[in-house]
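Novice:
Numbering (this note's numbering), first residue to last: 1 to 304.
1. Per DSSP, what kind of secondary structure is residue 225 in: helix, strand or coil?
2. Using 8 Å as the cut-off, can you tell me whether the region 32-45 makes contact with the region 155-170, which would need three or more C-beta pairs spanning the two stretches below that distance?
3. Can you give me the C-alpha to C-alpha distance between residue 258 and residue 150, rounded to a whole angstrom?
4. Taking only three categories from DSSP, how would you classify residue 278?
5. Please report how far the alpha carbon of residue 304 lies from the alpha carbon of residue 111, in whole angstroms.
6. Are the CB atoms of residue 117 and residue 53 within a distance shorter than 9 Å?
7. With DSSP run on the structure shown, which of helix, strand or coil describes residue 103?
8. Measuring CB atoms only, is the region 189-201 touching the region 270-284, in the sense that at least three cross pairs come out at less than 8 Å?
9. Run through the DSSP bridge pairs and tell me what residue 150 is partnered with.
10. So the alpha helix (DSSP H) residue 5 belongs to, where does it begin and stop?
11. Residue 5: buried (16+ other C-beta within 10 angstroms of its C-beta) or exposed?
12. Express the C-alpha separation of residue 44 and residue 50 in angstroms, rounding to a whole number.
13. Is there contact here, the region 92-105 with the region 227-246, by at least three beta-carbon pairs under 8 Å?
14. Determine the burial state of residue 120: buried for a count of at least 16 other Cβ atoms within 10 Å of its Cβ, exposed for fewer.
15. Take residue 107 and list the residues in its own chain whose beta-carbon comes closer than 8 Å to its own, dropping the five residues that flank it on each side.
16. Would you kindly report the start and end of the unbroken alpha helix (DSSP H) that includes residue 357?
17. Could you spell out where the alpha helix (DSSP H) holding residue 21 opens and where it closes?
18. To the nearest angstrom, report how far apart residue 187 and residue 173 are at their CA atoms.
19. CA-CA distance, residue 48 and residue 141?
20. In three-state DSSP terms, what is residue 189?
21. For residue 171, count neighbouring C-beta atoms within 10 Å of its own C-beta (all shown protein chains included) and say buried if the count is 16 or more, exposed if not.
22. Kindly indicate which three-state DSSP category residue 142 falls into: helix, strand or coil?
23. Can you tell which of 225, 244, 68 has the C-alpha that lies nearest to the C-alpha of residue 155?
24. What's the gap between the Cα of residue 208 and the Cα of residue 90?
25. My understanding is that residue 27 touches residue 10, with C-beta atoms under 8 Å, so please give their C-beta distance in whole angstroms.
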């Protein structure tokens, strides 16, 4: 992840030096791919995604989901909302419902219509984390390449990777709850799943609404950095709450993801990555049954 962040910083410096948006986009996207791969591997160490029998289709669909979510988010937030005359402050607070829903949209459709391979809770978690990683990576490239205000691209290159962690971690939390509850209840929509989705939207809106106070509310651009020193100094101030929030989002993800850890991995996981046996999605009639009867599958599901 550190290597990816350094590449993104290089993209910011490239924008300062050349003012080439296409080249900056390319470098930042490469950096965010490396950074995002680190996020996936961080969770994979605990979840053993490699056990899933349909890993390649999951990787492909996760990437497609993120790209589609980003494209639709740009269309809605940069075109539709301004055309409707919504003030910038309102658009910031609407980011939660728009982006959280879009990141989940294709994975959830696969849960409903895609067959058994997409019903495995760990498959859903991987799909949505990938969707968030891709959307966050594209968003980081957009912010860095569009912030053509002297040394501002350097500021964006430093802070955007950490800021974008909200996308895979927060939506990954919702996915863990949604897929586990759906698998247990044998239906895609559950009360606890809807609750997790609503909570993710609310947290995201609160995050963007409050953080948006630091940008130009008429253009959604950050303040101009007059020098490299100013960009670095401001980034240090911004990174303190960013790191704190990233840790909190990771803990929230872990709260759901630990329930999906397969039995053969539990013993090698740290205690805080072992299931707490939450009863999300367990029908009332089955709540007295042994936990094994409501546990998610091990090693993925058969293709279907």
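Cβ atoms here follow ideal geometry from the backbone N, Cα and C, with glycine treated the same way.
Specialist: Well, looking at it:
1. In this structure, DSSP gives residue 225 an extended state, which the three-state scheme calls strand.
2. Enough Cβ pairs lie closer than 8 Å, so yes.
3. Each residue's Cα considered, the two are about 44 Å apart.
4. Coil, per DSSP.
5. Residue placement at residue 304 is poorly supported in this model, since its pLDDT is 35, which falls under 50; the coordinates still yield a value, given next. Their backbone Cα atoms lie some 12 Å apart in a straight line.
6. Yes, the Cβ-Cβ distance between residue 53 and residue 117 is below 9 Å.
7. Looking at residue 103 - three-state DSSP - the assignment turns out to be helix.
8. The answer is yes - the region 270-284 touches the region 189-201, with three or more Cβ pairs under 8 Å.
9. Looking at the DSSP output, residue 150 bridges to 225.
10. 2-18 is the span of the alpha helix (DSSP H), which, as asked, contains residue 5.
11. Its Cβ being crowded by 16 or more others within 10 Å, residue 5 is buried.
12. Residue 50 and residue 44 have their C-alpha atoms roughly 8 Å apart.
13. Between the region 92-105 and the region 227-246, the count of Cβ pairs shorter than 8 Å is below three; the stretches do not touch.
14. By the neighbour-count rule (16 or more Cβ atoms within 10 Å), residue 120 is buried.
15. Around residue 107: 61, 62, 65, 118, 124, 127, 128, 131, 175.
16. Only positions 1 to 304 of the chain appear in the structure, and residue 357 is not among them; the question remains open.
17. Where residue 21 is concerned, the enclosing alpha helix (DSSP H) stretches over 21-47.
18. If I take the Cα positions, the gap works out to 19 Å.
19. Between residue 48 and residue 141, the C-alpha separation is close to 30 Å.
20. Correct three-state label for residue 189: coil.
21. Classification for residue 171: buried.
22. Helix, per DSSP.
23. Nearest C-alpha to residue 155: 225.
24. Here the alpha carbon of residue 208 sits roughly 10 Å from the alpha carbon of residue 90.
25. Between the beta-carbon of residue 27 and that of residue 10 there is about 6 Å, and that keeps the pair under the 8 Å contact cut.
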